[in-house]
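Numbering that gives the first Met the number 0 puts the first residue of the sequence shown at 0, with every later residue one more than the last. Each residue gets a CB set at the ideal place from its N, CA and C atoms; glycine is no exception. If you're wondering where the values come from, they're calculated on a predicted model, not measured in any experiment. Okay, structure first, notes after.
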Amino acid sequence: MELEKEPNSPVSDVVASEKPANNEALQNAEAGVRPSGPPINPHEANLPKWRLISLLICLCFGLFLSLLDTTIVATAIYTIGVDLSSLTTVNWVALAYTLSYLGCAVIFARVADIVGRRNAYIAAFVIFFAFSIGCGFAKTLDQLIALRVLQGIGGSGLYSLTFVIMPEISPIRMQPLTGALAGAVVAMAGVLGPVLGGIITNYTTWRWVFWINAPIGIIPLLVFIVAWPSPDMLPPVRLRPLKELDFFGAILVIAASVLLVFSFQQAGLNSNSWSRGIFIAPLVIGILLWFVLFGWEILVAKKWEASIATMFPLRLLKRRVFMGHFLTTLLAGFPYFMVIFALPLRLQVVNGKSQLVSGVALLPMLAAVAITSSIGGMVNSKRDLIWITLLAGSLFMVIGCACLSTLGDVPQVQAKMYGFQIFVGLGFGLMVSTVSLGASLECELRDRTVAQGIIAQARVLGGSIGIAASTAILSKMQHRYLSSLLTPSQLSTLESSSHTLTETQLLAVRKAYSTAFSESMKVCAAVSAACVFATLITFRRKPIVIMERRGEQVREYTKLMMREGRERAMKQAQKQAGSSGSSREL
Numbered sequence: 000m001e002l003e004k005e006p007n008s009p010v011s012d013v014v015a016s017e018k019p020a021n022n023e024a025l026q027n028a029e030a031g032v033r034p035s036g037p038p039i040n041p042h043e044a045n046l047p048k049w050r051l052i053s054l055l056i057c058l059c060f061g062l063f064l065s066l067l068d069t070t071i072v073a074t075a076i077y078t079i080g081v082d083l084s085s086l087t088t089v090n091w092v093a094l095a096y097t098l099s100y101l102g103c104a105v106i107f108a109r110v111a112d113i114v115g116r117r118n119a120y121i122a123a124f125v126i127f128f129a130f131s132i133g134c135g136f137a138k139t140l141d142q143l144i145a146l147r148v149l150q151g152i153g154g155s156g157l158y159s160l161t162f163v164i165m166p167e168i169s170p171i172r173m174q175p176l177t178g179a180l181a182g183a184v185v186a187m188a189g190v191l192g193p194v195l196g197g198i199i200t201n202y203t204t205w206r207w208v209f210w211i212n213a214p215i216g217i218i219p220l221l222v223f224i225v226a227w228p229s230p231d232m233l234p235p236v237r238l239r240p241l242k243e244l245d246f247f248g249a250i251l252v253i254a255a256s257v258l259l260v261f262s263f264q265q266a267g268l269n270s271n272s273w274s275r276g277i278f279i280a281p282l283v284i285g286i287l288l289w290f291v292l293f294g295w296e297i298l299v300a301k302k303w304e305a306s307i308a309t310m311f312p313l314r315l316l317k318r319r320v321f322m323g324h325f326l327t328t329l330l331a332g333f334p335y336f337m338v339i340f341a342l343p344l345r346l347q348v349v350n351g352k353s354q355l356v357s358g359v360a361l362l363p364m365l366a367a368v369a370i371t372s373s374i375g376g377m378v379n380s381k382r383d384l385i386w387i388t389l390l391a392g393s394l395f396m397v398i399g400c401a402c403l404s405t406l407g408d409v410p411q412v413q414a415k416m417y418g419f420q421i422f423v424g425l426g427f428g429l430m431v432s433t434v435s436l437g438a439s440l441e442c443e444l445r446d447r448t449v450a451q452g453i454i455a456q457a458r459v460l461g462g463s464i465g466i467a468a469s470t471a472i473l474s475k476m477q478h479r480y481l482s483s484l485l486t487p488s489q490l491s492t493l494e495s496s497s498h499t500l501t502e503t504q505l506l507a508v509r510k511a512y513s514t515a516f517s518e519s520m521k522v523c524a525a526v527s528a529a530c531v532f533a534t535l536i537t538f539r540r541k542p543i544v545i546m547e548r549r550g551e552q553v554r555e556y557t558k559l560m561m562r563e564g565r566e567r568a569m570k571q572a573q574k575q576a577g578s579s580g581s582s583r584e585l
């Protein structure tokens, strides 16, 4: 039996409260009519310039620090191992952060839908800084590894929430530029990590690798708290209750991501692990859990879509172009982070350069990423050139990685190396800003938070697999060329003690590391070629007009909010009618 909506009924009262204040504006929006005069969009941020600039700077600092800690320990690993008397398992200092960082990106994005953007970001900042300081005071390797896991949880929040908050606080016309800004920060952090790690390790204790986060980050955190605007300056966001968080999906995301990367990391630590259970079991279970996750998302979408905030909404998985962005990001992260990891290592061992010089050698790639991430945002600010931009970026990465694979094992640094890495930087820069913009256009406004979290997770997952694959290839080459010439102790300290080896041993070491680098770059070129084909998924026969798509998203979201308001009103009215009926019976 339907309830009639009388003028003074609970239904009419609640529905009235759900109606937008400006009915004429809503009718015009639904009809696609542009009002005369200056445009007013209730779903667009309207921050004073000082607040916007302050928040963007704070977000960039948080993003920079969180990404910096994924690579800054690379040049301090040996020193940490010696100081804590554990060289055999010291790689877990880097791996622990990466795994927790990887597993929590989407989850933090969903948490922001429950506690709010501001509170989630502050919590991530506090977790990151507290455990950064704790890492610096660690007395044993086990303590350091445990603290790095907790630090990675906070870092993951800083990373994913930056890509969520930036577009929400920026006017629509600025969103391509803020995406480019975030892309430049991603590149800068990845490249400067080994440089800063080398400087700190050379001139002070390794503990400052972690302590440095506190003095650098405390001011941005305080400014973020002060500059955060009042709700009327921001687009309306519907917060969901904690009970709607997809806890089972969150567990599946963490387990599937971590086990997949863990298997390759273990294979890289021991060349004999490829056929052992320590590699096969996590790999198989991780892949199966991804299938379980997607099966769970399908089940939730059919039965409990309105009551559970899923990690991977089915309506996103059904969007071809969005999934193209996801796959493109996953594949692009693989070669970029592998180059950041493998190139400084090659310079140290094959060319005999210091940790500092090896890190500085990546600066041409950093400059290229910074330039093209800005270009990627600008060329797509008005017209939909997203597919062409992604295609060009992936082709640049194919060229750069293929050329890097041709470097020889000579002790002199070859000048062409700098040109080759620029191609990689040009490609990644074009892709990182463009994908962020594309993902925001391909989702509904209600899914924008989790959509950016998914893209952030894909980038880290691809990069983590790339680093793990590079480690595995290096382990294989070491076993092939060096197992008969060097002791296990010598192998574990090659980057810092190559000067103690004989000429014959040095030649073999150069050959092994040079071959490993070439093989790694060939794999990168192949993955980049696969990325070229992945960009085809994002092709649209009829390109969208950016501003028209933004308006369409606003209209869809407005209709959704009104429909949900009516549904809540009906439920409230039915509840009140039921309670009044029970009272009359009594």
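Beta-carbon separation of L460 and S256 under 7 Å?
yes
C-alpha gap between G182 and V368, whole angstroms:
8 Å
Paired residues, beta bridge with L251 - DSSP:
L251 pairs with nothing; no bridge assigned.
In angstroms with no decimal places, state the Cα-to-Cα distance between Y158 and C134.
20 Å
Using CA coordinates, which residue listed in M165, L191, A119 and K302 is at the minimum distance from F63?
L191
Which stretch, first to last residue, makes up the alpha helix (DSSP H) that contains T177?
Q174 to Y202
Would you call Q413 buried or exposed, if buried means 16 or more other Cβ atoms sit within 10 Å of its Cβ?
exposed
Using the three-state DSSP reduction, which class does A308 fall into: helix, strand or coil?
strand
Which residues share a DSSP beta bridge with R314?
Paired residues: none, contrary to the question.
Where L46 falls: helix, strand or coil (DSSP)
coil
Please give me, in chain order, every unbroken run of the alpha helix (DSSP H) with length at least 4 that falls completely inside the region 199–243.
207–210 and 212–226
Any idea what DSSP makes of R604, helix, strand or coil?
As displayed, the chain neither begins before 0 nor continues past 585, which places residue 604 out of reach and without an answer.
Does the beta-carbon of Y202 have 16 or more other beta-carbons within 10 angstroms, so that it is buried, or is it exposed?
exposed
DSSP three-state assignment for R554, whether helix, strand or coil
helix
Need the endpoints of the alpha helix (DSSP H) that L146 sits in, please.
L140 to I168
Just the Cα atoms here: how many angstroms apart are Q571 and G564?
10 Å
Could you name the residues that DSSP lists as bridge partners for R562?
Answer is none; R562 lacks a bridge partner.
If we require 3 or more residues per run, which beta strand (DSSP E) segments fall completely within the region 57–92?
none
Please state whether the Cβ-Cβ distance between A104 and V110 is less than 7 Å.
no
Since I believe L390 is in contact with V531 (beta carbons under 8 Å), could you give me their beta-carbon distance rounded to a whole number of angstroms?
7 Å
If you draw a straight line from the C-alpha of R458 to the C-alpha of V434, how long is it?
10 Å
Are the Cβ atoms of A249 and I106 separated by less than 7 Å?
yes
Given this structure, state the Cα-to-Cα distance separating A226 from G115, to the nearest angstrom.
16 Å
Would N21 be called buried (16 or more neighbouring beta carbons within 10 Å of its own) or exposed?
Because the pLDDT of N21 is 43, which lies under 50, any placement of that residue in the model is unreliable, and the question is left without a value.
If we count the other Cβ atoms within 10 Å of its Cβ and call it buried at 16 or more, is K317 buried or exposed?
exposed
Residues bridged to R540 (per DSSP)
Answer is none; R540 lacks a bridge partner.
Delimiting residues of the alpha helix (DSSP H) encompassing V412
That residue, V412, is in no alpha helix (DSSP H); it is neither H nor E in DSSP.
Please report the straight-line C-alpha distance between G465 and C400, rounded to a whole angstrom.
13 Å
Between the C-alpha atoms of R319 and Y100, what's the straight-line distance to the nearest angstrom?
27 Å
Integer Cβ distance of S432 from A450, believed to fall under 8 Å:
At roughly 16 Å, the Cβ-Cβ gap does not stay under 8 Å, so S432 and A450 are not in contact.
To the nearest angstrom, how far is it from the Cα of A576 to the Cα of I307?
27 Å
Is the region 377–391 touching the region 165–176, taking contact as three or more C-beta pairs under 8 Å?
yes
Three-way DSSP call (helix, strand, coil) for K574 in this model
helix
With a 10 Å radius around its C-beta and 16 neighbouring C-beta atoms as the bar for buried, classify L238 as buried or exposed.
exposed
Take every Cβ of the region 70–78, pair it with every Cβ of the region 413–423, and state whether three or more of those distances are shorter than 8 Å.
no
Taking the alpha carbon of Q456 as the reference point, which residue from D446, V252 and G285 has its own alpha carbon closest?
V252
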